[in-house]
Amino acid sequence: MSNSSPLLPSQIRVSLGTAICLNILDGKMDADPTTAYLMTYTDGKCSANCSFCPQAKNSKNSTNMLSRIIWPIFPLYLVTQALADTFKKDKIKRVCIQALNTPNAFTQLEATVKEIKKHNIPISVSCQPLNRQDIQLLKNAGVDRISIALDVATETIFRKIKGEKTGSPYRWNYEINLLKEALTIFGVGNVSTHLIVGLGETEKEATNIIQWCVNFGILPALFAFTPIRGTALEKQTPPNITSYRRLQLARHLIVHGITCIENIQFNEHDNIISFGVNTDTLDDIINSGKPFQTSGCPNCNRPFYNEKPSGPLYNYPKSLNIEEIEEIKKQIELSFF
Ligand code: SF4
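When we follow our numbering, the leftmost residue of the sequence shown carries the number 384, and every step to the right adds one.
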């Protein structure tokens, strides 16, 4: 089958779970993705060098991984048709395209988005635009939501993990400005960022950047750092689960306007010791399980992106059952509230 646009790439990467959900690959899943996850295809590596990323130019990992997920390559026409069929059956509710930093990333994205958008599927794009024009290009192509990943909580850690010190082109202030530009193009509520917990930040620093995002109308999505073989951070450990639970709670409470950084208390290690919320409210929120589900764009559940299905589950891809909530209560050190 021929492509309908000369700019349209012939191939695209699809997360393993998405490929099974789309019925273009045989296999079993522990949880169905509610968003279809795609990644732009290049025959090399990303031109950036983020220390945690298997796609980074200096990573020794193969190019078929992002986080701990494998992303096989498929013809784009096959994927587009399968997306349309699966969306019609209401099995997926959104498409998310992750873009590597390559010279033709945005022309590739523009053509791919236009092709998928023919089927009226909501589209998120997670990318690193070079400028305002790149952001506008995506908006004009039909992208519904854009995510520009800060990934880290502070400027100092940014320099070390994905900025000047890594040989990546990214600069903290520039990325902050791009997020603000994105807000003027996509509007408040349609811009997200990804934050990876466990890159050397304190809980207070992570809470600060969450609050900063919310103040500006940017939705923060939490990820847990996952060490991947072949990356610069392959020997670093994932975040402490108790600390991650506290940050999930802080994020949920701040995003929903139930508390704010001024009301949250931290100890001498900058760990959260009080959320500034009464115990009954906090209990109800914990019992709902919602803070511990995957956060991000509507219907994004990223199954097992950060964790093995055997656990510990940092981000739950579906509603939690009573046993899971009880387990979480044990993980959260509630004694100090
Ligand atoms: S939150 Fe989910 S759907 Fe949105 S950009 Fe991130 S991975 Fe994609």
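Glycine is no exception: its CB is placed at the ideal position from the N, C-alpha and C atoms. Just so you know, these numbers come straight off a predicted model, no measurement behind them.
Helix, strand or coil, according to DSSP, for residue i in the structure here?
i           : result
residue 396 : strand
residue 660 : coil
residue 509 : strand
residue 692 : coil
residue 606 : strand
residue 449 : strand
residue 676 : strand
residue 580 : strand
residue 569 : helix
residue 668 : helix
residue 619 : coil
residue 641 : coil
residue 647 : coil
residue 611 : coil
residue 402 : helix
Using CA coordinates, which residue listed in the options is at the minimum distance from residue i?
i           : options               : result
residue 623 : 593, 459, 581 and 590 : 581
residue 707 : 679, 673 and 686      : 673
residue 494 : 418, 520 and 547      : 520
residue 398 : 592, 445, 548 and 455 : 455
residue 429 : 556, 451, 483 and 704 : 483
residue 393 : 578, 506 and 498      : 498
residue 451 : 411, 606, 461 and 534 : 606
residue 587 : 680, 648 and 609      : 648
residue 583 : 604, 574, 534 and 550 : 534
residue 402 : 677, 592, 537 and 453 : 453
residue 668 : 632, 681 and 440      : 632
residue 411 : 604, 417, 400 and 418 : 400
residue 687 : 636, 608 and 662      : 608
If you follow the alpha helix (DSSP H) that residue i is in, where does it begin and where does it stop?
i           : result
residue 638 : 624 to 638
residue 596 : 586 to 599
residue 408 : That residue, residue 408, is in no alpha helix (DSSP H); it is neither H nor E in DSSP.
Along the chain, where does the beta strand (DSSP E) that runs through residue i open and close?
i           : result
residue 420 : 418 to 423
residue 696 : Here residue 696 belongs to no beta strand (DSSP E), and DSSP marks it neither H nor E.
residue 711 : Premise fails: residue 711 lies in the alpha helix (DSSP H), 705 to 714, not in any beta strand (DSSP E).
residue 348 : The requested residue 348 is not part of the displayed model; the chain covers only 384 to 720.
residue 458 : 456 to 458
So, under 8 Å CB-CB, residue i and residue j are touching, yes? Tell me the CB distance rounded to an integer number of Å.
i           : j           : result
residue 564 : residue 518 : 6 Å
residue 529 : residue 489 : Incorrect: roughly 12 Å between the Cβ atoms, too far for contact.
residue 481 : residue 509 : 5 Å
residue 405 : residue 465 : 4 Å
residue 432 : residue 613 : With 8 Å as the limit, residue 432 and residue 613 do not qualify as a contact, their Cβ atoms being about 13 Å apart.
residue 625 : residue 716 : 6 Å
residue 561 : residue 592 : Not confirmed; about 15 Å, so no contact.
For residue i, is the beta carbon positioned less than 7 Å from some heavy atom of the ligand ZN?
i           : result
residue 596 : As far as ligands go, the structure on display features the ligand SF4 and does not contain the ligand ZN.
Could you tell me whether the Cβ of residue i comes closer than 8 Å to any Cβ of chain B?
i           : result
residue 527 : This model lacks chain B altogether, as it is built from one protein chain only.
Restricting to runs no shorter than 4 residues, where is the alpha helix (DSSP H) found entirely within the segment 517 to 554? 538 to 544
What alpha helix (DSSP H) runs, 4 residues minimum, are completely inside the segment 468 to 514? 488 to 500
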